[in-house]
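Asker:
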Amino acid sequence: MSKNVQELDSTATGGSTYTNLHLATLAFVYPPNPPTVITCPCEAQPVPQPRDQEKHIRVYHNEPSGYGYNSGRFHIKESRFSTSKGWCAPIDDLVADDAAAGSPVATVGWWEKVGSDDQSVFQTRVYYVASDGKIRERTNRSYFDQIAAKDDFDAEMPKPDELVPPAPGWKLTPVGGIKRQAGSDAPSFPKVVPLTTTKLAAVRSEDGSIHIIYQANDESIRELVFSFGKGWIGPDSETDVILETGTAKPGTPLTAVAGGWSEKRVLCVTKTNQLLEVYSDDNTKWFASTTPYTLQPSAMISAVASNFASPFFELRIYTATDNDDLHELSFNRTRGGWGPAHQGISSVEPEALPEVKAPLSAVAAVLVPGEWVTKVYFHPRRIVIAEWDICAKEAAHAGITRLSAGAKARRAIEEQTRVKITLEIKRREEERKKKEGEERKKKEEEERKREAERVKKDYKSVKVGGKFTITDQAKLKKVQARSGCEAGYEFEKIKGGWRCTGGAHTISDADFEAA
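Mapped onto UniProt numbering, the consecutive letters of the sequence shown carry residue numbers 1 to 515.
#1: Work out the CA separation of Q296 and Y18 for me, nearest whole Å.
#2: In three-state DSSP terms, what is F512?
#3: Mind checking which residues open and close the beta strand (DSSP E) that includes A365?
#4: Between which two residues does the beta strand (DSSP E) containing V266 stretch?
#5: May I have the straight-line CA-CA distance separating T255 from A248, to the nearest angstrom?
#6: May I have the straight-line CA-CA distance separating V373 from Y293, to the nearest angstrom?
#7: Can you name the residues that DSSP bridges to G437?
#8: Nearest to T270 by alpha carbon, out of D281, E451, T252?
#9: How would you call P311, buried or exposed, if buried means at least 16 neighbouring beta carbons within 10 angstroms?
#10: If you count every other CB in all the chains shown that lies within 10 Å of the CB of M157, and 16 or more means buried, which is it?
#11: On the DSSP bridge assignment, give the partners of E414 in chain order.
#12: If you measure between the beta carbons of T506 and E490, is that distance less than 8 Å?
#13: Would you mind working out which of I494, S361, Y459, K171 sits nearest A514, comparing C-alpha positions?
#14: Does the structure place the stretch 87 to 97 close enough to the stretch 191 to 206 that three or more beta carbon pairs sit under 8 Å?
#15: Could you please give the first and the last residue of the uninterrupted beta strand (DSSP E) stretch that includes A386?
#16: I need the boundaries of the beta strand (DSSP E) containing R80, first residue and last residue.
#17: Is the beta carbon of K230 less than 8 Å from the beta carbon of Q215?
#18: Where does T469 land, buried or exposed, given buried means 16+ other C-beta within 10 angstroms?
#19: What would DSSP say about P380, mapped onto helix, strand or coil?
#20: Expressed to the nearest angstrom, what Euclidean distance is found between the alpha-carbon atoms of S131 and V108?
#21: On a Cα-Cα basis, can you pick out the residue from R450, F308, L326, G503 that is closest to I301?
#22: Identify, in the order they occur along the chain, each residue of the same chain with its Cβ nearer than 7 Å to the Cβ of T334, setting aside the five sequence neighbours on each side.
#23: Grouping DSSP H, G and I as helix and E and B as strand, with all else coil, what is E156?
#24: Using C-beta distances below 6 Å, list every residue in its chain close to D145, excluding the 5 sequence neighbours before and after it, in chain order.
#25: Would you say E54 and S82 are within 8 Å of each other, going by their C-beta atoms?
#26: So for D322, helix, strand or coil by DSSP?
#27: Whose C-alpha, out of E492, G68, I383, L367, is nearest the C-alpha of L26?
#28: Tell me the DSSP secondary structure of S330 in three-state form.
#29: Just how far apart, CA to CA, sit D185 and F228?
#30: Cutting at 6 Å between CB atoms, please list the residues of its own chain near A258, excluding the five before and the five after it.
#31: Out of D97, K443, D282, which has the shortest C-alpha to C-alpha gap to A309?
#32: Less than 8 Å between the beta carbons of V59 and G370, yes or no?
#33: For the beta strand (DSSP E) containing Q215, list its first residue and its last residue.
#34: Any idea what DSSP makes of K457, helix, strand or coil?
#35: Taking the alpha-carbon of R222 as reference, which of G344, L267, G68 has the nearest alpha-carbon?
#36: Count the other CB atoms, across all protein chains shown, that sit within 10 Å of the CB of N217; report buried if there are 16 or more and exposed otherwise.
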């Protein structure tokens, strides 16, 4: 990441103490293999995976746009890991190009059931705040039932000569102005303008509902809920408030987990920087309870959980400290609740990286299905995206792949396309002005001819002895030149011609008409 990005991150959005550089992640395996009781490999031997099962991890991050066409905005980008390919960026890593500066990012994903076929389509939705201040949703599907996996955004390279305005391949959900789309899987997304320093969290509950958690302008914590068959519920519905105004810190970090029996847990920070948990399930409305942890003022959080609605439930929350050391905060039902505060789980040599700059790094944690290892992604000194494997105790500080050759080539062609479009717009504008000028001249010429005919009709109707005043300056100058009268503008009709009223100069009918 360039120096200007580090400096940008040192001053948080809208006066907030939190970072501008956000992360989100998800993981899945193909073919899907739903587990029973989840056990970390650190504590027990995992169940062997099928040989053909492949692990996938996807990480989403924001960064300032490097292009003039949307200067001041941020891009949302994607990096991927698979067992067969390792870390790589997809053929097109651009998820969104209209994000607000410092926009948060959140994501959910799941396997779709397509007809009677096995689950082979993985749908991903990414949420962020756009430059107009609204929360937006973009969608992509990955298809694994082919020889090579494909995505909705896979497409031929743009053809600049076709002058088609470039746009990210991830489908942007239109924004609707209604509170609830009932009766179908409505395509529109609710119109929500949250607090300018809001963070976002997204989870998908056991019943398939999607929950988008955000901070409203009154500093309350609220949710948007999407249910298949009902569409979106919220904002301003009776059930969208998770935490009333007055408790959460403005711009609080947000993270959430969801599981069996509609268990949902949202974690945020109070105005005294204490970590707060808000819980809900089928039988419990949102209920807030404090934890024994107090965080640093700019600490971000990310949580993973397993074995919901069981005696084996475990919740782990990750945060970064001022030396980019990752800390784990945990709740384990079999061990009696919350564990010791702020256990350091990683460390780096202070001299190994440039001097740290506040605010603290974003974090994004994911529990990888199948092997059930937790991976945490963060920004060491805001230079790279690093990966920490909780069980292996290893960090990839060199950074995960963030740009593919295909994406780089596509961006270059898109810039060529924008240049061609700009030139074409300029050419069309010049052509329009030229055409308008020609039409204006034509109209003026026609009007001049009509005026000349009117004048001709007027002076031809004058009888001998009558007088005619020339008002057309162009004609007057010509008549004066041909008659030799430099001052005359009124002429008297004589036989075969005209005479100035002074009596000294005459002009024939033919010359008078030709003038």
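The C-beta atom is built at its ideal place from N, Cα and C for all residues, glycine as well. Predicted, not measured: the structure shown is a model, and the values here were computed from it.
Answerer: Looking at the coordinates:
#1: Residue numbering aside, residue 18 sits at position 18 when the sequence shown is read from its first letter. Residue numbering aside, residue 296 sits at position 296 when the sequence shown is read from its first letter. C-alpha separation (whole angstroms): 10 Å.
#2: Position 512 of the sequence shown holds residue 512. DSSP places F512 in helix when its eight states are reduced to three.
#3: Within the sequence shown, the letter at position 365 stands for residue 365. First-last of the beta strand (DSSP E) with A365: 363 to 368.
#4: In the sequence shown, the residue the question calls residue 266 occupies position 266. Run containing V266: 264 to 269, per the beta strand (DSSP E) assignment.
#5: Position 255 of the sequence shown, counted from the first residue, corresponds to residue 255. Position 248 of the sequence shown, counted from the first residue, corresponds to residue 248. When rounded, the separation of the alpha-carbon atoms in T255 and A248 is 13 Å.
#6: Locating residue 373 in the sequence shown gives position 373, counting from the first residue. Locating residue 293 in the sequence shown gives position 293, counting from the first residue. Whole-angstrom Cα-Cα distance: 24 Å.
#7: Locating residue 437 in the sequence shown gives position 437, where the first residue counts as 1. BP columns for G437 are empty, so no partner.
#8: On the sequence shown, residue 270 is found 270 positions in, with the first residue counted as 1. Answer by Cα proximity: T252.
#9: As a working mapping, residue 311 is identified with position 311 in the sequence shown. So P311 ends up on the exposed side.
#10: The residue labelled residue 157 in the question sits at position 157 within the sequence shown. Exposed: under 16 other Cβ atoms inside 10 Å.
#11: As a first step, residue 414 is located in the sequence shown; it is residue number 414 there, counting from the start. DSSP, once it has assigned bridges, lists no residue as partnering E414.
#12: Working through the sequence shown from its first residue, we reach residue 506 at position 506. Working through the sequence shown from its first residue, we reach residue 490 at position 490. No, the Cβ-Cβ distance between T506 and E490 is not below 8 Å.
#13: For the purposes of this step, residue 514 is identified with residue 514 of the sequence shown, where counting begins at 1. Nearest C-alpha to A514: Y459.
#14: no
#15: As a first step, residue 386 must be located in the sequence shown, where it is residue number 386. Where A386 is concerned, the enclosing beta strand (DSSP E) stretches over 386 to 389.
#16: Position 80 of the sequence shown, counted from the start, is the residue given in the question as residue 80. Where R80 is concerned, the enclosing beta strand (DSSP E) stretches over 74 to 82.
#17: The sequence position of residue 230 within the sequence shown is 230, counting from 1. The sequence position of residue 215 within the sequence shown is 215, counting from 1. Not a contact, by the Cβ cut-off of 8 Å.
#18: Translated into the one-based positions of the sequence shown, residue 469 becomes position 469. Its Cβ having fewer than 16 others within 10 Å, T469 is exposed.
#19: Start at 1 with the first residue of the sequence shown, and residue 380 comes out as number 380. If DSSP states are grouped into helix, strand and coil, P380 belongs with the helices.
#20: To locate residue 131, count along the sequence shown from 1; it is residue 131. To locate residue 108, count along the sequence shown from 1; it is residue 108. Our two residues, S131 and V108, have alpha carbons roughly 22 Å apart in a direct line.
#21: Indexing the sequence shown from 1 puts residue 301 at position 301. Ranking the options by Cα distance to I301, first place goes to L326.
#22: Working through the sequence shown from its first residue, we reach residue 334 at position 334. So the list reads P311, F312, once near-sequence residues are dropped.
#23: The residue given as residue 156 occupies position 156 in the sequence shown. Note: E156 maps to coil in three-state DSSP.
#24: As a working mapping, residue 145 is identified with position 145 in the sequence shown. If we look at D145 and ignore the five residues flanking it on each side, its Cβ neighbours are S120.
#25: Reading the sequence shown from its first residue, position 54 is the one you call residue 54. Reading the sequence shown from its first residue, position 82 is the one you call residue 82. Contact: yes.
#26: Your numbering for residue 322 matches position 322 in the sequence shown. D322: coil per DSSP, three-state reduction.
#27: To locate residue 26, count along the sequence shown from 1; it is residue 26. Ranking the options by Cα distance to L26, first place goes to L367.
#28: Counting from one through the sequence shown, the residue named residue 330 turns up at place 330. Strand.
#29: Locating residue 185 in the sequence shown gives position 185, where the first residue counts as 1. Locating residue 228 in the sequence shown gives position 228, where the first residue counts as 1. Low per-residue confidence applies at D185: pLDDT is 46, beneath 50, and the placement is therefore not dependable, though the value from the model is reported in the following sentence. Cα to Cα, D185 sits roughly 5 Å from F228.
#30: On the sequence shown, position 258 is the one that residue 258 refers to. Answer for A258: V203, S205, K264, listed in chain order.
#31: Counting from 1 along the sequence shown, the entry for residue 309 is found at position 309. For A309, the nearest C-alpha among the options comes from D282.
#32: Indexing the sequence shown from 1 puts residue 59 at position 59. Indexing the sequence shown from 1 puts residue 370 at position 370. Against a cut-off of 8 Å, the Cβ pair of G370 and V59 comes out as no contact.
#33: In the sequence shown, counting from the first residue as 1, residue 215 sits at position 215. Where Q215 is concerned, the enclosing beta strand (DSSP E) stretches over 210 to 215.
#34: Your numbering for residue 457 matches position 457 in the sequence shown. Note: K457 maps to helix in three-state DSSP.
#35: Against the sequence shown, residue 222 aligns to sequence position 222. Closest by alpha carbon: L267.
#36: Here residue 217 corresponds to residue number 217 of the sequence shown, with the count starting at 1. Burial call: exposed.
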